[in-house]
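Colleague: Under this note's numbering, think of the first position of the sequence shown as 193, with each following residue one higher.
Please find one structure pasted underneath; my questions will follow.
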Amino acid sequence: MSTNQILDEIIKGTERINSKACTLNRSLLLALCYYFIDGIQFRELKTALNISDGKLSSNLKALTKVDYLKEEETVMDKKKIKYFSITKNGKKELEKIINWIELIKELLEEDKNETKL
Numbered sequence: 193m194s195t196n197q198i199l200d201e202i203i204k205g206t207e208r209i210n211s212k213a214c215t216l217n218r219s220l221l222l223a224l225c226y227y228f229i230d231g232i233q234f235r236e237l238k239t240a241l242n243i244s245d246g247k248l249s250s251n252l253k254a255l256t257k258v259d260y261l262k263e264e265e266t267v268m269d270k271k272k273i274k275y276f277s278i279t280k281n282g283k284k285e286l287e288k289i290i291n292w293i294e295l296i297k298e299l300l301e302e303d304k305n306e307t308k309l
């Protein structure tokens with residue numbers, strides 16, 4: 193694929209990606225919830241991303257609202273524990289984000305190869 197074709201695909205890709213899901217923290221949340229197929233606890237997400245409760249809550253709420261994540265609650269030792277897992281729609285969106293990033297990587301690799309010539 194030529195550089196111009198790759199650039200066209202990157203631009204088209206931005207139109208296909210939900211901008212509400214494609215922030216660094218939200219993309220990482222989708223990836224973590226995808227990896228931990230049985231769900232991941234709020235506190236584990238907080239530790240992994242090293243962000244505040246408020247920031248994590250607002251990002252989780254946004255991803256839950258657009259049906260990319262689902263929230264489940266369980267009680268353990270009389271404490272409520274929230275688990276989050278990725279939905280089918282979330283997996284599709286994560287795939288779009290990954291494909292878009294791969295196009296950018298391809299562009300950078302092509303540029304690196306052209307520089308060597």
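Built from N, CA and C at the ideal position, the CB exists for glycine as well.
With DSSP collapsed to three states, give me the class of LYS274.
Modeller: To locate residue 274, count along the sequence shown from 1; it is residue 82. Three-state DSSP puts LYS274 in a strand.
Colleague: If you draw a straight line from the C-alpha of GLU301 to the C-alpha of GLU294, how long is it?
Modeller: For this step, residue 301 is matched to residue 109 along the sequence shown. For this step, residue 294 is matched to residue 102 along the sequence shown. If I take the Cα positions, the gap works out to 10 angstroms.
Colleague: Roughly how many whole angstroms lie between the Cα atoms of THR215 and GLU285?
Modeller: Along the sequence shown, one-based indexing puts residue 215 at 23. Along the sequence shown, one-based indexing puts residue 285 at 93. Cα-Cα distance, rounded: 12 angstroms.
Colleague: Suppose you measure from the CA of LEU241 to the CA of SER219; what does that come to, to the nearest Å?
Modeller: The residue given as residue 241 occupies position 49 in the sequence shown. The residue given as residue 219 occupies position 27 in the sequence shown. So the two alpha carbons sit approximately 11 angstroms from each other.
Colleague: Going by C-alpha distance, which of ALA213, LYS270, ILE229 and TYR226 is nearest LYS257?
Modeller: Walking along the sequence shown from the start, residue 257 turns up at place 65. Minimum Cα distance to LYS257 is reached at ALA213.
Colleague: According to DSSP, LYS262 sits in a beta bridge with which residue or residues?
Modeller: As a first step, residue 262 must be located in the sequence shown, where it is residue number 70. Partner(s): SER277.
Colleague: Between which two residues does the alpha helix (DSSP H) harbouring LYS212 extend?
Modeller: Counting from 1 along the sequence shown, the entry for residue 212 is found at position 20. First-last for LYS212: undefined, no H or E at that position.
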